[in-house]
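Student:
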Amino acid sequence: MKKLIAIFSLMVFNLSFSSAPVVNIYNWTDYLTPEIITQFTAETGIHVNYATFSEGDEAYMKIKANQGHSGFDVVVPSSDYIQRMSRENLLEKIDRKKLSNLHYINPALLHKSFDPNNDYSIPFLWGYTGLLFDKTVYQPKSIHRWKQLWEPRFRDQLLMLNDMRDVFFVALKVLGYPANDTNPKHLQQAYQKLLQLWPNIKLFNADTPSTIYANGDALVGQCWNGDAIKAMKRNPNMMFVLPTEGINVWMDSMVIPKHAPHLNNAYTFINFILRPDIAKKISDVTQYSSPNLGAIKLMPLSLQQNTILYPPPSVLARGSFRASVGSALSTYIHYWTRLKLSG
Ligand code: N2P
Numbered sequence: 012m013k014k015l016i017a018i019f020s021l022m023v024f025n026l027s028f029s030s031a032p033v034v035n036i037y038n039w040t041d042y043l044t045p046e047i048i049t050q051f052t053a054e055t056g057i058h059v060n061y062a063t064f065s066e067g068d069e070a071y072m073k074i075k076a077n078q079g080h081s082g083f084d085v086v087v088p089s090s091d092y093i094q095r096m097s098r099e100n101l102l103e104k105i106d107r108k109k110l111s112n113l114h115y116i117n118p119a120l121l122h123k124s125f126d127p128n129n130d131y132s133i134p135f136l137w138g139y140t141g142l143l144f145d146k147t148v149y150q151p152k153s154i155h156r157w158k159q160l161w162e163p164r165f166r167d168q169l170l171m172l173n174d175m176r177d178v179f180f181v182a183l184k185v186l187g188y189p190a191n192d193t194n195p196k197h198l199q200q201a202y203q204k205l206l207q208l209w210p211n212i213k214l215f216n217a218d219t220p221s222t223i224y225a226n227g228d229a230l231v232g233q234c235w236n237g238d239a240i241k242a243m244k245r246n247p248n249m250m251f252v253l254p255t256e257g258i259n260v261w262m263d264s265m266v267i268p269k270h271a272p273h274l275n276n277a278y279t280f281i282n283f284i285l286r287p288d289i290a291k292k293i294s295d296v297t298q299y300s301s302p303n304l305g306a307i308k309l310m311p312l313s314l315q316q317n318t319i320l321y322p323p324p325s326v327l328a329r330g331s332f333r334a335s336v337g338s339a340l341s342t343y344i345h346y347w348t349r350l351k352l353s354g
């Protein structure tokens with residue numbers, strides 16, 4: 012089925028825009044706006060076919076199912092998938108000489124363990140996962156640890172992100188294990204722990220967590236920091252905390268899948284995204300942290316000093332960068348599937 016969908020999308024891309032210059036982009040929902048895409052086309056003459064996903068594994072599966080013939084030119088997976096995709100030979104090696112704007116990227120966000128030379132990935136946005144709750148319902152100081160999500164007062168209340176690694180992160184941390192743990196025994200214990208959380212879980216969501224919180228349809232649960240800022244703007248009763256056991260930090264990065272049909276246009280697109288004025292616009296609309304130092308300089312001081320967007324190093328030190336778990340991924344998927352079926 013996945014193959015069929017991908018072949019179909021290939022056909023759509025190829026048939027409808029065979030003559031005009033084109034670039035095929037696959038990105039997280041809400042990571043770009045039509046205005047930014049229109050600006051790219053107006054400036055370069057390159058038409059953008061834009062497809063989105065809301066779960067990281069969805070993007071990986073689509074690229075994997077086609078063994079590098081997905082038809083996409085640029086995809087924006089999370090840090091944990093980049094090493095896996097490069098090892099599986101699904102990614103084109105990036106020619107950094109073609110990216111004149113690369114120097115704007117914060118050096119602290121380059122050379123991470125998942126891609127030590129940035130041979131395959133260029134940061135798009137980064138962020139982390141914390142806890143969001145309605146402070147008119149729960150005392151502001153009463154929630155500060157992941158461990159508390161198991162308390163009976165949260166029965167049928169929690170929004171958990173529909174993101175396997177984010178959910179396992181919580182259980183692993185509560186059990187005192189590392190965020191990128193690969194030990195099958197620990198993963199089994201994390202699964203057991205999550206089963207105990209089940210009565211408190213109201214829903215899993217990754218598409219629109221900010222809207223759900225803003226509308227009061229969930230009063231407490233996990234949230235990505237950008238979505239938390241959006242929810243708090245619409246509903247000032249919401250409060251974001253970084254639990255003391257630690258936070259899950261991730262970086263969503265641009266990659267070029269193998270056999271990208273429009274390689275030059277992929278570079279033009281990536282270099283456009285790296286431009287400070289464009290990176291600033293992206294951070295403005297998504298409310299996520301920009302990896303682009305040029306963009307941050309263009310932001311009002313209030314934003315540069317917003318600690319939810321740019322937490323102080325002491326807070327980040329409590330975070331762990333989400334990295335590949337290698338072959339343990341299948342163990343994660345096994346327990347994640349069982350967990351979802353237990354509801
Ligand atoms: C929000 C996307 C957050 C991405 N729509 C988490 N890696």
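Numbering-wise (the working numbering), the sequence shown opens with residue 12 and increments by one.
Backbone N, C-alpha and C fix where the C-beta goes; we use that ideal spot for every residue, glycine too.
What does the alpha-carbon distance come out to for the pair residue 337 and residue 125?
Tutor: Straight-line Cα distance between these residues: approximately 11 angstroms.
Student: What runs of the beta strand (DSSP E), each 3 residues or longer, lie entirely inside the segment 175-261?
Tutor: Whole beta strand (DSSP E) segments, 3+ residues: 212-216, 231-235 and 249-252.
Student: Please classify residue 220 as buried or exposed, where buried requires at least 16 neighbouring CB atoms within 10 angstroms.
Tutor: Residue 220 is buried by the Cβ-count criterion.
Student: Do you know whose CA, among 205, 57, 76 and 48, lies nearest residue 348's CA?
Tutor: Ranking the options by Cα distance to residue 348, first place goes to 205.
Student: CB of residue 157 to nearest heavy atom of the ligand N2P: below 7 angstroms?
Tutor: Residue 157: no, Cβ never under 7 angstroms from the ligand N2P.
Student: What runs of the alpha helix (DSSP H), each 4 residues or longer, lie entirely inside the segment 262-309?
Tutor: Listed in chain order, the complete alpha helix (DSSP H) runs (minimum 4 residues) inside the segment 262-309 are 274-284, 287-297 and 304-308.
Student: Rounded to the nearest angstrom, how far is the Cβ of residue 260 from that of residue 187, given a contact under 8 angstroms?
Tutor: With 8 angstroms as the limit, residue 260 and residue 187 do not qualify as a contact, their Cβ atoms being about 19 angstroms apart.
Student: Can you pull the DSSP bridge partners for residue 64?
Tutor: DSSP lists 39 as partners of residue 64.
Student: Taking the beta strand (DSSP E) that residue 139 falls in, what are its first and last residues?
Tutor: Its beta strand (DSSP E) spans residues 133-145.
Student: Is residue 148 helix, strand or coil when you go by DSSP?
Tutor: Looking at residue 148 - three-state DSSP - the assignment turns out to be coil, as it is neither helix nor strand.
Student: Nearest by alpha-carbon distance to residue 290: which of 327, 136, 143 and 180 is it?
Tutor: Nearest option by C-alpha distance: 136.
Student: Could you compute how far the alpha carbon of residue 123 sits from the alpha carbon of residue 93?
Tutor: So the two alpha carbons sit approximately 11 angstroms from each other.
Student: Is residue 161 close to the ligand N2P? I mean its beta-carbon at under 7 angstroms from any heavy atom of the ligand.
Tutor: Checking every heavy atom of the ligand N2P against the Cβ of residue 161, none is found closer than 7 angstroms.
Student: Across which residues does DSSP place residue 170 in a beta bridge pair?
Tutor: DSSP lists 214 and 232 as partners of residue 170.
Student: Pick out whichever of 243, 277 and 131 has its Cα sitting closest to the Cα of residue 90.
Tutor: Checked all of 243, 277 and 131; the closest Cα to residue 90 is 131.
Student: Once you ignore the five residues that flank residue 308 on each side, which residues in its own chain have a CB closer than 6 angstroms to its CB?
Tutor: Excluding sequence neighbours, residue 308 sits near nothing in its chain.
Student: Any idea if residue 95 is buried or exposed, counting beta-carbon neighbours within 10 angstroms, 16 or more meaning buried?
Tutor: Residue 95 comes out buried.
Student: Leaving aside the five residues before and after residue 70 along the sequence, list all residues of the same chain whose C-beta is less than 7 angstroms from its C-beta, in chain order.
Tutor: Same-chain partners within the cutoff: 37, 64, 86 and 88.
Student: On the three-pair Cβ rule with 8 angstroms, is the segment 224-234 touching the segment 106-115?
Tutor: Contact between the segment 224-234 and the segment 106-115 is absent, because fewer than three Cβ pairs lie under 8 angstroms.
Student: In whole angstroms, what separates the C-alpha of residue 281 from that of residue 127?
Tutor: Straight-line Cα distance between these residues: approximately 19 angstroms.
Student: Rounded to the nearest angstrom, what separates residue 353 and residue 116 at their Cα positions?
Tutor: One C-alpha to the other measures close to 43 angstroms.
Student: Rounded to whole angstroms, how far is the Cβ of residue 269 from the Cβ of residue 102, which I believe are closer than 8 angstroms?
Tutor: The pair is a contact, with the Cβ atoms about 6 angstroms apart (cut-off 8 angstroms).
Student: Check whether the Cβ atoms of residue 58 and residue 49 lie closer than 8 angstroms to each other.
Tutor: No, Cβ-Cβ distance for residue 58 and residue 49 is not below 8 angstroms.
Student: Spatial neighbours of residue 235 within its chain, please: CB distance less than 6 angstroms, with the 5 preceding and 5 following residues excluded, ordered by chain position.
Tutor: Around residue 235: 138 and 140.
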